[in-house]
Amino acid sequence: MRFPAIRCCFIILLIWLPMQAMAWNWRTKISLHVKNKTLSEVCRLLEQRYDIHFSYSRDILQMEQVVSIDVDHVPLKKVVERIFESKGITCKKVGDQIVLSAYRSTHRTINGYVQDSRTGEKLIGATVAVPRFKSGTVTNEYGFYSITLPKDTCSLLISFIGYEQQQLKLQETDKNKQLTFQLNPSNTLKEVEVTDDGIPLQEQTQMSKVGIALKEVKAMPKLLGESDVIRTIQSLPGISAGGDGASSLHVRGGSPDQNLVLMDGTPVYNSTHIFGIFSVFNPALIKNVDLYKGAFPARYGGRLSSVVDIAMKDGDMKKYHGEVSIGFLAAKFMVEGPIFKNKTSFVITGRRTYADLIAGPVFADQLDLGEGGRLFAYFYDANIKINHIFSPKDRMYLSAYGGQDNFRMRKRPLLENPKDYDEQLDFQLGWGNQVYSLRWNHIFNPKLFSNVSTGYSQYFFLTDYSYLFNTKDSSEVDDWYGKYFSKIHDGTFKVDFDYRPSPRHSARFGLHAITHIFEPGITQFRNKSRTETPTLDTTYNKEYTTSLELMLYGEDDWKLTDSLYVNVGLHASTFMVFPKTYVSLQPRIGMRYVLPRNWAMKLSYTHMAQYIHLLTNSTNYLPTDLWVPSTDKVRPMTSKQAAFGLGKTSNNKAWEMSAEVYYKSMRNVIEYVDNYDNFQSATKQWDEKVIMGDGWSYGTELLIQKKKGSFTGWIGYTWAHSQRRFPNVNNGEAFPYKYDRRHDLEVTLMKKFKKHWEIAASWEYTSGLPLTLPTSSYESIDNGSPFDPPPLETGKPVDYVNQRYNLRMKEMHRLDLSFTYSWQRRRVKNAFNLSLYNAYNRRNPYFYYYSYNKDSGKRELTEFSILPVLPSLTYTLSF
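One point on numbering: in UniProt numbering, the residue at position 383 of the sequence shown is 383, and numbering is uninterrupted.
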């Protein structure tokens, strides 16, 4: 009896134990309804209901965290993972227990800034690389970086052109780190370089972009003693100037108003001084320049053709420095240093031309302006910037710019018999910019960086003209007065985020708001002579037009595979101007496929919209700027651009080669109607004086650069075609754009000799610009309009033009040379620069006009050139 009883108990035990072991499993479906319960309370509840046992350490895990969950008939594994993994706790089934432990990450994030060790200046485009995985990242426009990498990564390599590389060995740790890298300037670096963010061309998904180094700007040949960043940009493929010596930008068949020019993130509406000879950017203050000709990132909007993003210096955080430069035409200075060491810094610059003080009296005599006559022609500008570090996560910048151009001529000629009559002439032309910005940087966490900024930009243009002729007995009186004035104000607010969640993604998103206030031209015109002249209605010109532009964007630089990278983005914008609202969705996409032997293939497509327009008098080459908004009658301009390119970097990274082809279509481009002049009539609204049409351009761009060594430079070639078409203009047929150039060849070479000498040469060849000339003429039969100065006289020839831009000017070519000798004595650096602009004195045409030859009695076509060979000598002292 004893053995059967034991056998029975043993059988029951064998049956009972598996049943207990199988009382629950991960697939067991449970229901759980809890709200604001701690993790320890949830564990006890599950143990009571489903006989589940949890094992954990209260010293390691935070079990007092609160959780809420509401599920019915859901597998146990999903419920447990949902509860605990969101709290940083992992779950593992061991026997009949669920073991809870802290989540152990396999990755960590290193973030911070890269800066100059001497000055504390943040370095834009510095590379933070992981040599082991052949990957890395670059710093953004504020010098910030963030990189997520495996914990067993042993080292980082930090580099920036012109600085010594720095290698950091990492210890395996569970914690993220904020590290600021201090790079030392290289004392042995001899080359002058043009670079695209300091990383090889084939490793950039972004195409149609060029970064320009400050050293390269300063090494270029100078015009009248001044280095100029815009002139340097003009030497690159796909970009041309409006005329000989001009600093306007025409990018891939676009017009100057289609360029978004930014100074520390705030738009600048006219970036030129002295009719385009210089730009408003003082080279002593420039820190970084990024040029986008296409493939625009989604964070940029509001223009069709290009983005020129210029960052100015923040100021030395550690020591005081300065620079004084005296040239042929202008003098300038720059001072920077700490207000509170390693905490607050400042930088101040100023610049003014003094040709009016020296050459004004000479020109007044040559122009026969008389004893009381004077000639003034000058510009000035000034910058100030202050930045302050509140904490490792917070930094603020305040910057301001003001500049103005003035050209004044007063004529008081010597009269043969002043008792018989009096004659006086006064003319004034001026324009200027004011730009202010306030920016706040904040690091939310190792992967998320933000910038909040507000800014103000103002541009004005003024023309003032008066002429008086009066006889003593008032038998003949001619008294003319004309004034034209326009202005635009912008108030901006931006919130931008830079988010780098993983090595495969780098995202940006944000919101921009711009308030535009337009004063679209105040025109006054009168004639007090005996001839009766109708009074002009200028009432509408005193009105302001206000509009609001809102932009929302997002973009992601995404690594799909080791060879395929894409950048996808969307820019959404709306423009509100009474009584109309416009909305635009603008997709942006770029792709890079890495090929063998350091080659890369790139594709891009961008859609852009522009809500503001620039009207310029087409009858002369002097500026008559009128910025106007889109209205219910004038729609926004839009463009679509597609591009394909190949890029390659040599193994030693000394050479880069790129080739791109593009096609761009534009809609709703506007222009004045034929023969319209700003001073002709003020009786109509401006949007009744313009017509809308279409434009398109296409071309090929080739660029070869040598970037290392004592001998550097580049060769760029552009073949391009740009056309416009407007209803009722040129019989509705397409015609070349005003600045259409078929061929453009640029060669720039720079050579350094030992310690003291540096030579630079730049040669340019371009096809001639389109030109409209009459094909025949006939005699007038009446006096025309009193507003057509000077009035037509009966019998005078009137020109007949069969089509717009029916001829071309002759080709333009020019050689510029620069010789620089520099030396240093203690802490003071000295440099003399001799530059020759147009070294072989090529008389390039600026415009053509008809003149009357008294000998032949016929009109002759006359070519007008403005810039012969121009030598200049500049002395620069730095301390």
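The beta-carbon is built from N, C-alpha and C at its ideal position, and this holds for glycine as well. From a predicted model like this one, the values you see are computed outputs, not experimental measurements.
Selection from the options that minimises the alpha carbon distance to residue i
{"i": "glutamine 206", "options": "Asp72, Arg352, Tyr565", "result": "Tyr565"}
{"i": "leucine 357", "options": "Glu336, Phe379, Asn342", "result": "Phe379"}
{"i": "alanine 330", "options": "Asp316, Arg352, Tyr320, Glu336", "result": "Arg352"}
{"i": "proline 150", "options": "Lys78, Gly162, Gln171", "result": "Gln171"}
{"i": "proline 629", "options": "Val828, Ile517, Leu438", "result": "Ile517"}
{"i": "tryptophan 600", "options": "Leu560, Asn406, Leu646", "result": "Inspection of the sequence shows that residue 600 is occupied by alanine rather than by tryptophan. Checking every option, the nearest Cα to that of alanine 600 belongs to Leu646."}
{"i": "phenylalanine 333", "options": "Phe346, Asn342, Leu285, Val634", "result": "Leu285"}
{"i": "glutamate 811", "options": "Arg826, Arg742, Ala761, Gly716", "result": "Arg742"}
{"i": "isoleucine 443", "options": "Asn728, Leu773, Phe144, Ile488", "result": "Phe144"}
{"i": "glycine 554", "options": "His505, Ser155, Asp562, Arg724", "result": "His505"}
{"i": "arginine 859", "options": "Asp70, Leu773, Tyr805", "result": "Leu773"}
{"i": "tyrosine 698", "options": "Leu375, Asp490, Arg252", "result": "Arg252"}
{"i": "glutamine 65", "options": "Glu85, Val690, Leu46", "result": "Glu85"}
{"i": "lysine 411", "options": "Ser466, Met396, Ile384", "result": "Ser466"}
{"i": "tryptophan 26", "options": "Lys77, Glu47, Leu61, Gln723", "result": "Lys77"}
{"i": "aspartate 556", "options": "Trp714, Thr700, Ala298, Tyr672", "result": "Ala298"}
{"i": "lysine 209", "options": "Ser117, Lys602, Val577, Tyr163", "result": "Lys602"}
{"i": "proline 596", "options": "Val577, Thr581, Asp562, Ala126", "result": "Asp562"}
Residue j beta carbon less than 8 angstroms from that of residue i
{"i": "proline 636", "j": "alanine 609", "result": "yes"}
{"i": "valine 280", "j": "glycine 403", "result": "yes"}
{"i": "residue 913", "j": "threonine 137", "result": "Because the chain in this structure spans residues 1 to 879, residue 913 falls outside the shown range and cannot be described."}
{"i": "proline 520", "j": "serine 486", "result": "yes"}
{"i": "aspartate 264", "j": "alanine 213", "result": "no"}
{"i": "glycine 238", "j": "valine 289", "result": "no"}
{"i": "aspartate 496", "j": "serine 457", "result": "no"}
{"i": "tyrosine 292", "j": "valine 307", "result": "yes"}
{"i": "aspartate 625", "j": "tryptophan 431", "result": "yes"}
{"i": "glutamate 382", "j": "glycine 337", "result": "Looking at the sequence itself, residue 382 is alanine, so the reference to glutamate does not match. Not a contact, by the Cβ cut-off of 8 angstroms."}
{"i": "aspartate 498", "j": "asparagine 140", "result": "yes"}
{"i": "methionine 809", "j": "tyrosine 848", "result": "yes"}
{"i": "valine 74", "j": "lysine 29", "result": "yes"}
{"i": "glutamine 803", "j": "phenylalanine 726", "result": "no"}
{"i": "asparagine 833", "j": "threonine 862", "result": "no"}
{"i": "valine 347", "j": "glycine 315", "result": "yes"}
{"i": "leucine 183", "j": "valine 114", "result": "yes"}
{"i": "leucine 448", "j": "leucine 511", "result": "no"}
{"i": "leucine 877", "j": "asparagine 830", "result": "yes"}
{"i": "threonine 463", "j": "leucine 425", "result": "no"}
{"i": "glutamine 705", "j": "tryptophan 719", "result": "no"}
{"i": "serine 437", "j": "threonine 266", "result": "yes"}
{"i": "arginine 82", "j": "isoleucine 98", "result": "no"}
{"i": "glycine 695", "j": "tyrosine 737", "result": "yes"}
Which residues DSSP lists as bridging residue i, in chain order
{"i": "arginine 808", "result": "Pro770"}
{"i": "glycine 402", "result": "Ala382, Gln434"}
{"i": "isoleucine 158", "result": "Val128, Gln166"}
{"i": "asparagine 731", "result": "DSSP, once it has assigned bridges, lists no residue as partnering asparagine 731."}
{"i": "aspartate 479", "result": "Leu468"}
{"i": "asparagine 288", "result": "Ala311"}
{"i": "leucine 834", "result": "Phe819, Leu873"}
{"i": "phenylalanine 449", "result": "Ile443, Asp498"}
{"i": "serine 722", "result": "Ser697"}
{"i": "glycine 301", "result": "In DSSP, glycine 301 forms no bridge with anything."}
{"i": "alanine 513", "result": "Phe493, Leu550"}
{"i": "proline 185", "result": "Tyr163"}
{"i": "leucine 595", "result": "Trp599"}
Practice prompt. Count the CB pairs spanning the region 639–646 and the region 658–667 that are closer than 8 angstroms, and state whether there are at least three.
Written response: At 8 angstroms Cβ cutoff, the stretches touch.
Worksheet item: Does the pairing of the region 594–610 with the region 294–307 give three or more beta-carbon distances under 8 angstroms?
Response: Proximity of the region 594–610 to the region 294–307 meets the contact definition, three or more beta-carbon pairs being nearer than 8 angstroms.
Worksheet item: Would you call the region 583–590 and the region 555–574 in contact, with 3 or more CB pairs under 8 angstroms?
Response: Result yes; three or more Cβ-Cβ pairs closer than 8 angstroms.
Worksheet entry | Any alpha helix (DSSP H) of 4 or more consecutive residues that is wholly inside the region 59–145 | Runs of the alpha helix (DSSP H) inside the region 59–145: 76–84.
Fill in: Contained alpha helix (DSSP H) runs [length at least 4] in the region 681–708, N- to C-terminal order
DSSP runs (the alpha helix (DSSP H)) wholly in the region 681–708: none.
Fill in: 4-residue-minimum alpha helix (DSSP H) runs that sit fully inside the region 196–265, ordered along the chain
You should have 214–219, 229–234.
Practice prompt. Could you tell me which uninterrupted beta strand (DSSP E) segments, each at least 3 residues in length, are contained entirely in the region 305–361, listed from first to last along the chain?
Written response: The qualifying runs are 306–312, 321–326, 330–340, 344–353.
Practice prompt. Could you tell me whether the region 706–719 touches the region 646–656, using the rule of 3 or more Cβ pairs below 8 angstroms?
Written response: In short, these stretches touch, since the Cβ pair count reaches three.
Discussion item. Does the region 808–827 come into contact with the region 741–757, if we say contact requires no fewer than three beta-carbon pairs (one atom in each stretch) closer than 8 angstroms?
Written reply: Contact between the region 808–827 and the region 741–757 is present, because at least three Cβ pairs lie under 8 angstroms.
Worksheet item: Counting pairs of Cβ atoms below 8 angstroms between the region 764–771 and the region 830–838, do you hit three or more?
Response: No contact exists between the region 764–771 and the region 830–838.
Worksheet item: How do the region 70–90 and the region 30–50 stand: do at least 3 beta-carbon pairs fall below 8 angstroms, yes or no?
Response: Segments in contact, yes.
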